[in-house]
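Using the UniProt record's numbering, the letters of the sequence shown map in sequence onto residues 1 to 98. Input: a single structure, listed below in structure tokens.
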Amino acid sequence: MNSNTHVIQVTNVSPSTTSEQMRTLFGFLGNIEELKLFPPDDSPLPVTSRVCFVKFHEAESVGVSQHLTNTVFVDRALIVVPFAEVPSLLAESGPPGD
1 MNSNTHVIQV TNVSPSTTSE QMRTLFGFLG NIEELKLFPP DDSPLPVTSR
51 VCFVKFHEAE SVGVSQHLTN TVFVDRALIV VPFAEVPSLL AESGPPGD
């Protein structure tokens with residue numbers, strides 16, 4: 001695991017939780033570069049739980065955010081873990097045939 005990761009994975013997120021609520025909660029811990037909640041807020045699919053990925057500007061925010069593990073948010077105890085960043089394959093590859 002890359003200890004310098006800027007990304008966390010939050011699981012056991014209530015289906016009624018919105019992206020804006022997650023942004024508000026984790027925004028207190030650091031500047032958020034990107035936040036994705038799956039399935040999206042406008043998904044017509046019924047779900048029992050959601051997953052959220054938060055990318056912070058500072059790697060230190062990842063360690064701080066882990067302290068929210070087992071915090072009840074809406075109606076579920078959140079599970080927060082660091083998530084390894086996957087480098088873009090397109091950024092590393094050259095033109096075809098190289």
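For every residue, glycine included, the Cβ atom is placed at its ideal position computed from N, Cα and C. Just so we're clear, the structure is a prediction, and the values are computed from it rather than from any experiment.
Out of THR11, VAL80, ARG76, point me to the one whose CA is closest to LEU29's CA.
Of the listed residues, the one whose Cα sits closest to LEU29 is VAL80.
Counted within 10 angstroms of its Cβ, other Cβ atoms place VAL10 as buried (16 or more) or exposed
By the 10 Å Cβ count, VAL10 comes out buried.
Report all residues from its chain with a CB closer than 8 Å to the CB of VAL7; omit the five preceding and five following residues, and keep chain order.
Around VAL7: PHE53, VAL54, LYS55, PHE56, VAL62, PRO82, PHE83, ALA84, GLU85.
If you reduce the DSSP assignment to three classes, tell me which class GLU20 lands in.
Of the three classes helix, strand and coil, the one that applies to GLU20 here is helix, per DSSP.
Out of ARG76, ALA77, LEU78, PRO15, point me to the one whose CA is closest to PRO44's CA.
Nearest C-alpha to PRO44: PRO15.
Find the nearest neighbour of GLU34 within the set ASP41, MET22, ASP42, judged by alpha-carbon distance.
The residue with the shortest Cα to Cα distance from GLU34 is MET22.
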